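I have placed the structure first, in the form of structure tokens, so that the comments after it can refer back to it.
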Amino acid sequence: SYPNLKIEVPVPNLQIKDCVEQILAQRPLLQDRILVRGNLNDLKARGALAFLNEIRSHYVTEDGYVFWNYDKTYIASISNALYIRLCLMVSTVQPDDQLVSQAKKTCNWLLNLSGLWDSDGGIMDGIRSDGSIVTNKWTYNQAVILKALHDLYIITNDITYFNNALTIANFVLNKLVHP
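So that you can map any letter, position 152 of the sequence shown is 132 in the working numbering, and since no number is skipped, the others follow by simple counting.
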């Protein structure tokens, strides 16, 4: 989907950091191509906005995190990463700084406050109602937060999101794919 973007991942040593300069040099190519395109007259955009409003009204807390279920008995990392993505996607069809702020707030909670980002760089599955952490590290949890961090970096130009994505990507390659 990025026809002019060329990034070579060095497979032998599996170091994502080797790609940083290539990605940063091509940032202008990415800037206008990151998310959903369209307008609010589009059925998908209206559906996404309705879905976002539903999630906000029932699942999102003041601290910025999102519950996995209506009973509010589990906080899953996947729910939070998907919510970040949804906020950013809707903000591209309905410009709204509050949506980007909400995405940043949820990302901050997930990576810095929740205890779900492990010291080895992986995102754990979630938090039970008793506060205990489910320590499984599934590839889909890593993939969705990587995309969310990518989009946050492109939108905000804050290198912290990019660096966090590199840490998670290195975890995936070195601990999940090729342990």
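A virtual CB, placed ideally from N, CA and C, is assigned to each residue, including glycine.
Keep in mind that this is a model prediction, so the values were computed, not measured.
Nearest candidate by alpha-carbon position, reference residue i, set the options
i, options, result
"L129", "F142, L29, F151, I103", "F142"
"D110", "A83, C87, K52", "K52"
"D98", "N88, I148, L68", "I148"
"L68", "D131, N144, A145, L146", "D131"
"Q74", "L29, S57, A56", "L29"
"T86", "I139, E34, I55, D100", "I55"
"S57", "Q82, D77, S37, T115", "T115"
Sequence-distant residues of the same chain with beta carbon closer than 8 Å to residue i, five excluded per side
i, result
"F31", "L66"
"T160", "For residue 160 there is no data in the structure shown, the boundaries of the chain being -19 and 159."
"L156", "G102, K117, T119, Q122"
"I35", "V46, Y63, L66"
Beta-carbon contacts of residue i that lie in its chain and below 7 Å, excluding the five residues immediately before and after
i, result
"I113", "G95, L96, M104, I107"
"L62", "V124"
"D100", "F151, K155"
"V70", "A28, L29, L32, L79"
Residue i vs residue j beta-carbon contact at 8 Å
i, j, result
"N60", "L90", "yes"
"N88", "G44", "yes"
Beta-carbon contacts of residue i that lie in its chain and below 6 Å, excluding the five residues immediately before and after
i, result
"K127", "none"
"Y133", "Y141, F142"
"V46", "Y39, V40, S59, N60, Y63"
"V152", "Q122"
One or two residues paired with residue i in a DSSP bridge
i, result
"V46", "V40"
"W97", "I103"
"V114", "G106"
"Y54", "R108"
Where residue i falls: helix, strand or coil (DSSP)
i, result
"A83", "helix"
"Q74", "coil"
"L20", "Legend: pLDDT at L20 = 43, less than 50; position of this residue unreliable, value from coordinates given subsequently. Reduced to three states, the DSSP call for L20 is coil."
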